[in-house]
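> Let me give you the structure first, and then I'll get to my questions.
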Amino acid sequence: MNQSTQGAHANVPVVALHGVHHTARPTWKLAETVHFYRDLLGLPLVHAISAKGWGPDNHADFLHFFFDSGNGSTIAFFYYIGTERPDWLTVREHYQDRATHTAWRVRDEAELLQWRQRVEAVGIPLRYQIRHEVIESIYFNDPNGYPIEITWQVRPFSDADKQDAAFTIDSAIELERAREKGAAFASIEPVWQRKAERIERAAPNGEKASIYVLDVPEFAPLIDVARKTAGYQTTAIGNGYVRIDGNPTLQFRRKELGFKPAVWYGALTGGLAGSIRQFDMDALVVAPGDAQ
């Protein structure tokens, strides 16, 4: 909350959260859901309430039950007696559906691998294991088709991460508002360009392509490769970022960087001064000038 917001809401109390108590979703597979979470995953069934509707005449009788998922958190389900799953709640494989998911935290890589062994040992199909920027995760589905993720965080979030997140979100909000007035906003590239302007107001004159890299371990290969590439220049600009200037373009190859796809496609998340000419599974090319 910034100072102007604080002034406008002087009577609003300062509050805090202390973690997740529960997430909840409906199920029409009572026995399968209990077997999956309690017996296969080993999460204790810790609470259940059964109710005669919930007031309105059109509200079905139901069970609401909870499994312990660690550190005081639970995962809960509603079982609505005598109802069938409506078509609009059918879980699909589309990425927009899978964006809604549960992600449980483990302490380290060893625990993650133990969970993978258990999931596979009890016969749950493992979808994949992925290393993202600051987390590594395994993914699988429950009997309802709901996505489940188990993850360990490779490093803690820092103040630099917080500042970087603000630059990203503020830039995207500006573009979203402009779209509401008729401007185009169809790709991530203008977010990266606008973010670069926030990071360094007095940026170079545009004769060379530049990218901004948050100086954190997951993106360090970009800086390392740039320092070894003739004609490229790296400059620490004093706010947690390193600017990489091209000659005049910038080119990187994914395999040379050692990036997994999940990290590779976010390689420009720090910001961009220039335009993307190529960005596929193998190569990234950034040229001077605005996007065309």
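The sequence shown begins at 91 in the working numbering and counts up by one.
Backbone N, C-alpha and C fix where the C-beta goes; we use that ideal spot for every residue, glycine too.
Can you find the residues in the same chain that come closer than 8 Å, C-beta to C-beta, to Q382, ignoring five residues on each side of it along the sequence?
For Q382, the predicted model reports a pLDDT of 41, less than 50, meaning its position is unreliable and no value from the coordinates is stated.
> Buried or exposed for P176, please, with buried defined as at least 16 other CB atoms from any protein chain shown within 10 angstroms of its CB.
Counting every other CB atom within 10 Å of its CB across the protein chains shown gives P176 a total below 16, marking it as exposed.
> Taking just the CA atoms, how far does R333 sit from W178?
Our two residues, W178 and R333, have alpha carbons roughly 47 Å apart in a direct line.
> Cutting at 8 Å between CB atoms, please list the residues of its own chain near L133, excluding the five before and the five after it.
Y127, F157, D158, S159 and I165
> So, at 7 Å on beta carbons, what are the nonlocal neighbours of I240 in its own chain, with the 5 sequence-adjacent residues on each side left out?
Answer for I240: W194, V196, L202, W205, S227 and I228, listed in chain order.
> What's the call for Y218, buried or exposed, on a 16-neighbour Cβ count within 10 Å?
For Y218, the number of other beta carbons within 10 angstroms of its own is below 16, and it is reported as exposed.
> Can you look up Y127 in the DSSP assignment and give me helix, strand or coil?
In this structure, Y127 counts as helix in the three-state DSSP scheme.
> How about V224 and E308: do their beta carbons lie closer than 9 Å?
yes
> Which residue's Cα is closest to the Cα of L374: A262, R343, L362 and A352?
R343
> Tell me the DSSP secondary structure of Y185 in three-state form.
helix
> List, from N- to C-terminal side, the beta strand (DSSP E) runs of 3 residues or more that fit wholly inside the segment 127-198.
135-141, 152-160, 163-170 and 192-195
> Is the beta carbon of L362 closer than 9 Å to that of Q283?
yes
> Taking 9 Å as the threshold (beta carbon to beta carbon), is D151 in contact with chain C?
Considering every chain present, this structure includes no chain C. It has just one protein chain.
> Cβ atoms of F168 and I121: under 9 Å apart, would you say?
In the sequence under discussion, the amino acid at residue 121 is Ala, which differs from the Ile named in the question. Not in contact: A121 and F168 (Cβ atoms no closer than 9 Å).
> Work out the CA separation of Y170 and W144 for me, nearest whole Å.
11 Å
> Given a cut-off of 9 Å on the beta-carbon distance, is the pair L347 and P311 in contact?
Yes.
> Buried or exposed: which applies to G162, given that a residue is buried once 16 or more other Cβ atoms fall within 10 Å of its Cβ?
By the 10 Å Cβ count, G162 comes out exposed.
> Going by Cα to Cα distance, which pick from F257, L216, H154 and L265 is closest to A286?
F257
> Alpha carbon to alpha carbon, what distance is there between V353 and M371?
11 Å
> Does V209 come out as helix, strand or coil in the three-state DSSP assignment?
helix
> Where does V376 fall in DSSP's three states?
strand
> Residues in the same chain with beta-carbon distance under 7 Å from V303, minus the five sequence neighbours each way, listed in chain order, please.
F309, L312, I313, Y331, V332, I334 and G360
> Just curious, the alpha helix (DSSP H) that V315 is in, first and last residue?
A310 to K318
> Just to confirm, are A141 and F155 a CB contact at a threshold of 9 Å?
no
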